[in-house]
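Notes for the one structure printed next.
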Amino acid sequence: MRKILALFLVVLFAFPAVAADYPAQNITGVVQWGAGGGTDSLMRPLSALAEQSLGKSIIIQNMTGATGSIATQYVYDAPTDGYTLLMGAENPALYDILEISELTYSNFDCVYLIGDEVVGIVVGKNSPYKSFTEIIDAAKKAPWTLKISTTGTGGLPWEVGAFITDITGAMFLQIPYDSDASAKTAVMNGECDFTVCKIQSGIEDWKAGDLKFLCLLSTKKVDVMPDVPLVTAEYPDFAKYLPWGPFYGVFVKKGTDAGVIAKLSEAFTKAGPQESYQKVLANFNINFLGYSGEEAAKYISSWRENTVNALKNSGALE
Amino acid sequence: MEALSYMSVMLREPWLIALVAAGTCAGVYVGAIPGLSGTMAVSLLVSFTFGWEQHSALAVMVGVYVGSVFGGSRSAILLNIPGAPAAVATALDGYALAKQGRAGEAMGLATSQSVIGTLLGVLALATCAPLVASIARNFHSIDYLMLSLMGLMMVGSLSGRSVRFGLIAGCIGIFLGCVGVDGQTAIKRFTFNIVYLNSGVDYVVAMIGLFGASEALSQITDMKATPVKQKVDKILPSWAESLKYLGLTIKSSIIGVLVGALPGAGGDIAALLSYDQAKRSVRNPSAPFGKGAVEGIIAPESANNAAIGGAFIPMLTLGIPGDAVTAVLISALTIQGLRPGPNLIAQTPDLFWLIVASLLVASFFLLVFGLTGIKAFTKIVEVPKGILMPTILILSVIGAYAIRNSVYDILWMFGFGIIGYFLKRFNYPIAPIVLGVILTRLCEENYRRGVMLQGGSVMGMLGSIFTSYISIALFVLLVVLFVTQTETYKHWQAKRREGN
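Quick mapping for you: the protein sequence lines, in order, are chains D and F.
Heads up: the first sequence is residues 1 to 318, going by the numbering used here.
Heads up: the second sequence is residues 1 to 500, going by the numbering used here.
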């Protein structure tokens, strides 16, 4: 009910904003994923801090569905007055390529790029594969038989699967699941051979010994898993795609007044480095970036370029 | 002993009891309004309790969860509008009882069964969580496929007058369940390039439209019918009666715990499956199923509440949600700085027992709030239709919108309302449509996954049934369910009984 009321008020008082008196009213932050999910858990505490310097509230609204494209469309359809923010993960960067939607992050300006995270190759505890190389060798010996559990076309394991194929030439059977939790479960119960998992979502199972991280897709060692090797140790060619991982940011529709964007960026840039928020990031194992403006745009465009190249080279895309 | 000392936190911090009570009370009302769901209420609470300490936040959320699962039965019995998908089965016999003036009795029964179901669910959570969790974890794609097939076979149970009509309704549901972006290949189906169709049809929207809006529409076009005077003298079922049905309650609760614990299926499917089970196994029901059989309330109501304890099992032991509400609860724990996963119970045993204790307290308050409100609730049925029906329409609009904050969902809801209205006029059953929408994804995705896992071979998939005990057990069950439905078997049964 609160959300509905808030939305109603926003609609009622919506009028064109001028940078000078921005923000004159509360701001709506549309989160692409569900309440309490990874993206949501990063956006709520950040917004609470940014509110302090903005002087108005940021009302978080979760709008889920269709890999986040519903929320993306919603923010795109809203006026360019800076009162509707898109709070999202990396997914929209590839919407057009995957034909999910015509909108991508090129239709938006990045207000604040929070950070990205490291992913790793994981197997179940009873898996016969002791290293990433063993998986690749087995897959090369018998192409299209090793099973990688994915979260569907366009999801994280699907993307990384394409990188692996591009660099090693190994071919896998991709088995899609409906969430990263069920993709992980499929590896633990032996239905699939391996998957790709964010540190955030696999670390507890790793600590319990139910899941083994064989290697991490990162250029430097990760503090919480000091003994897990980097993928570049076995396959140095991976370096050309690294660092790579899911990222999180706050966006406004292109065409928003530059002054408004500057004010938003300033507020979020102040919020990000604060100690309480850094603790949240550490808890989720997110690499803090804190980019805005040009820097953020550059990061996203090179992320997209790298990913699309790998997808094309591996044959995942035409 | 250790467990008791952890659970006594409730006594040391008595405000927790008050929070559970408040949560349960609010949950009953949230659950009773179609479209306002426990998932939504708990999601709201996640941001609301952001700054609270863990125990208080969890206590109130557990209360809301238990209350909302039960609350769905209220509107199902009184208005034929299930407040939540888990109460769809309850509506079939509950509303039939209400039409006979026995709504009070039906609500009393739903209350006592929900309480017993919750308690049995807690018992399972406290005593055999590791066992149930290992079953849930070892549930393969093929097993989900067989489970969904069992669900689809229920079209027969939900059809009422004629199986043919039920099949048509089921097919409509399956078709609508296909709309949207296919999760496995990202290919759009029946979306006509409208972005808002990409996420498909939400089955709660379908339910609100088919039951809520269509009921309002059909009652408005039939204003002459006078409301049934409700008897309120017999509300609390007697001990003797509860004992008589204890076997059914326990069977249904076991189904509830097991299905609730499966990450891919929740209380809604548990309730439907146990209704089906009751319909098959109860020899001489108090009235024919669908026409006011008390067994038709006992089975789904005990199952959907037992599913709560079930859903907590994978959440607490594996960090994998058993249903939508526990998914939100996992995030609530994450926000609180905890790390849900296989280490949660070892690291924070107090939390596990706090949840068990909160569930116990919640089931007590469920009894209190469930039984005290009955007289007032029965008055709802006696409200003049000119006031009641527009109110239901308004609630349906709000409910449909609130699920995803999407205006398109309101249109869907009205579309379903109109379909439901005409189906009702021509005596088609509508529950199979909801069944179809709920089960399409589960069935289709697991079928495709099962085939893919065998490198594209359907025979290979069928062969993989015989590689695990769970699969074999499910397969046997599926075959039995199918065979006992056939005419030949029924014939043979009838003959055998004559012979006796």
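All C-beta atoms in this analysis are idealised placements derived from N, C-alpha and C, irrespective of residue type, glycine included.
Every value quoted in this text rests on a predicted model; they were computed, and no experiment measured them.
Neighbours of E204 of chain D in chain F, taken as residues at a C-beta separation under 8 Å, are given in chain order as G319, R339, P340, G341, P342, N343 and L344.
For a Cβ distance threshold of 9 Å, residue set K147, L173, Q174, I175 and P176 of chain D lies close to M452 of chain F, ordered along the chain. DSSP places L344 of chain F inside the alpha helix (DSSP H), whose first and last residues are L344 to Q347. For G120 of chain D, not one C-beta of chain F is nearer than 7 Å to its own C-beta. About 38 Å separates the CB atoms of I298 of chain F and Q184 of chain F; that is not less than 8 Å, and the two are not in contact. Taking CB atoms only, T334 of chain F has a neighbour in chain D less than 7 Å away. Using beta-carbon distances, N189 of chain D counts as an interface residue toward chain F, with a partner under 7 Å. Each of F:F377, F:C178, F:S406 and F:V361 was checked against the Cα of A18 of chain F, and the nearest Cα belongs to F:V361. Interface criterion not met: the Cβ of T326 of chain F is under 7 Å from no Cβ in chain D.
Residue pairing by DSSP puts S149 of chain D in a beta bridge opposite D:I175 and D:T195. DSSP places I394 of chain F in the helix class (H, G or I) of the three-state scheme. Under the Cβ distance rule, G68 of chain D does not count among the residues neighbouring chain F, no pair being separated by less than 7 Å.
Interface with chain D (7 Å Cβ-Cβ cutoff): S396 of chain F is excluded. In the displayed model, A170 of chain D falls within coil according to three-state DSSP, outside both helix and strand. The secondary-structure analysis by DSSP pairs Q61 of chain D across a beta bridge with D:V30.
Ranked by Cα distance from I194 of chain F, the options F:A206, F:V181 and F:V205 are led by F:V181.
For D109 of chain D, the three-state secondary structure derived from DSSP is strand. Within the DSSP secondary-structure output, V88 of chain F pairs in no beta bridge. In this structure L210 of chain F is in contact with I433 of chain F, their Cβ atoms being roughly 6 Å apart against a cut-off of 8 Å. Inclusion of K147 of chain D and D205 of chain D in the CB contact set at 7 Å is not warranted, their separation being larger than that value.
Of the other Cβ atoms in all chains shown, fewer than 16 fall within 10 Å of the Cβ of M459 of chain F; this residue is therefore exposed.
T185 of chain F reaches chain D at G152, T153 and P176, counting residues in chain order whose Cβ is nearer than 8 Å.
Under DSSP, the beta-bridge partners assigned to R189 of chain F are F:G180. For R137 of chain F, the chain D residues whose C-beta falls within less than 7 Å of its own C-beta are T185, M188 and N189, listed in chain order.
A contact between stretches requires three or more CB pairs, one per stretch, nearer than 8 Å, and the stretch 207-222 of chain D meets this requirement with the stretch 330-344 of chain F. Boundaries of the beta strand (DSSP E) harbouring V119 of chain D: V119 to G124, taken from the DSSP string.
Assignment of beta-bridge partners to M87 of chain D by DSSP yields D:V31 and D:V250. Following the DSSP letters along the chain, one finds F377 of chain F in no beta strand (DSSP E) but inside the alpha helix (DSSP H) bounded by residues I374 to E382. One alpha carbon belongs to K270 of chain D, the other to T334 of chain F, and they sit about 24 Å apart. For K212 of chain D, the beta-bridge partners assigned by DSSP are D:V123. Taking the C-beta atoms as reference points, G68 of chain D is found nearer than 7 Å to G88 of chain D. If you check the CB distance, V46 of chain F and A311 of chain F do not come in under 7 Å.
When D:N91, D:F213, D:A93 and D:L103 are compared, the shortest CA-CA separation from V224 of chain D is found for D:F213. In the DSSP assignment, L262 of chain F falls outside any alpha helix (DSSP H) and carries neither an H nor an E. Sequence-distant Cβ neighbours of D237 of chain D in its own chain, meaning closer than 8 Å and more than five residues away, are I167.
Burial is judged here by how many other beta carbons sit within 10 angstroms of a residue's own beta carbon; D77 of chain D has fewer than 16 and is exposed.
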